[in-house]
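Below is one structure, written out as structure tokens, with a few remarks after it.
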Amino acid sequence: MKKTTKLLALLFLLSFTFGCGDDDDPNPPQVNNNEAIINGNTYQINSASLGLDAGPPYNNQFSLVFTDDLINVNSSNDFAVSTNTTMGIVIFTKLGSTALSTEQAVVNNITTTTHNLNDDTRAITNITNYTNIYTYSGVQYGDVDETGVNHFDMNNTGSGTVTINSISIDLAARTGMVDCDFSFLDENGIQISGNFNGPLKIHDDN
């Protein structure tokens, strides 16, 4: 989870804000495939990554990171985003309190159902600054510098869920596919929602 917090630092996950009048609407807005709504603005989700605890033992939890540009996971399972990224979302789910002996055991618990999100969930927009920049395959990647970003944190007063419609994970290749829908309220009652159906990478949440 520490590392996905870095993701947060990397993405400082962007928020899906409705307008003031929408805050009273109990139903999340309709979104098209691979889109998120943040503060009344629609963002395309172009990349996703699944975060698993860097055990052993492995905390029984997972995160999903979504961005509007490219994600790179290096050979050490470290996560970075393209410096063209302007928004990011990180959702966290705790599956159980007992640590497990393998990553596969954790993956087996990521079932096709609706999971509650925990308070580390957040979104950020207006990302413009990066640190630790490097180039891979002609694309610049880095860690998000939070200066000037708009962030929407769920914290203890927010709530939300993610529904996994389908998921397949190849731990050896560190890749997979996921079809999911998510929605949460941040600590100020701002609603964030979206969905993604496509490939994902796998990174370590340290």
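If you count by the numbering used here, then the sequence shown holds residues 48 to 253, one letter each, in order. Quick reminder that beta carbons are idealized off the backbone N, C-alpha and C, glycines included. Because the structure is a prediction, the values reported are computed rather than measured.
Using a Cβ-Cβ cut-off of 6 Å (strictly less than) and excluding sequence neighbours within five positions of residue i, which residues of its own chain qualify?
{"i": "Asp228", "result": "Thr210, Asn242"}
{"i": "Val120", "result": "Phe126, Lys248, His250"}
{"i": "Tyr90", "result": "Ala83, Asp115, Met134"}
{"i": "Ala101", "result": "Asp251, Asn253"}
If I measure Cβ to Cβ from residue i and keep anything under 7 Å in the same chain, skipping five residues before and after, which residues do I get?
{"i": "Leu147", "result": "Pro104, Tyr105, Asn107, Val153"}
{"i": "Asp233", "result": "Ser62, Phe199, Asp200, Met201, Gly205, Ile239"}
{"i": "Thr178", "result": "Gly189, Asp190, Asp192"}
What residue range is occupied by the uninterrupted beta strand (DSSP E) comprising residue i?
{"i": "Asn29", "result": "Given a span of 48 to 253 for the chain in the structure shown, any question on residue 29 remains unanswerable."}
{"i": "Ala10", "result": "With the chain running from 48 to 253 in the structure shown, residue 10 is simply not present."}
{"i": "Tyr90", "result": "88 to 91"}
{"i": "Thr114", "result": "108 to 114"}
{"i": "Ser123", "result": "Careful: Ser123 lies outside any beta strand (DSSP E) and carries neither H nor E."}
{"i": "Thr161", "result": "161 to 163"}
For residue i, name the three-state secondary structure that DSSP assigns.
{"i": "Ala219", "result": "coil"}
{"i": "Asn176", "result": "strand"}
{"i": "Asn155", "result": "helix"}
{"i": "Glu150", "result": "helix"}
{"i": "Thr182", "result": "strand"}
{"i": "Asp208", "result": "Looking at the sequence provided, one finds Thr at residue 208 rather than Asp. In this structure, Thr208 counts as strand in the three-state DSSP scheme."}
{"i": "Ser230", "result": "strand"}
{"i": "Thr194", "result": "coil"}
{"i": "Asn235", "result": "coil"}
{"i": "Gly143", "result": "coil"}
{"i": "Met224", "result": "strand"}
{"i": "Ser213", "result": "strand"}
{"i": "Asp166", "result": "coil"}
{"i": "Asn80", "result": "coil"}
{"i": "Asn119", "result": "strand"}
Just tell me which of the options has its CA closest to the CA of residue i.
{"i": "Leu142", "options": "Leu99, Thr182, Ser184", "result": "Leu99"}
{"i": "Asn132", "options": "Ile138, Thr145, Ile118", "result": "Position check: residue 132 holds Thr in this sequence, whereas Asn was assumed. Comparing Cα positions, the closest option is Ile118."}
{"i": "Ala220", "options": "Gly205, Ser123, Ser206", "result": "Ser123"}
{"i": "Thr168", "options": "Asn80, Asn179, Gly207, Ser94", "result": "Gly207"}
{"i": "Thr140", "options": "Gly245, Gly236, Phe231, Pro246", "result": "Phe231"}
{"i": "Thr149", "options": "Leu218, Val112, Asn81", "result": "Leu218"}
{"i": "Tyr183", "options": "Ser94, Ser129, Asn203, Val112", "result": "Ser129"}
Suppose the cutoff is 8 Å on Cβ atoms and the five residues either side in sequence are ignored; what does the same chain contact list for residue i look like?
{"i": "Gly195", "result": "Asn173, Thr175, Asn176"}
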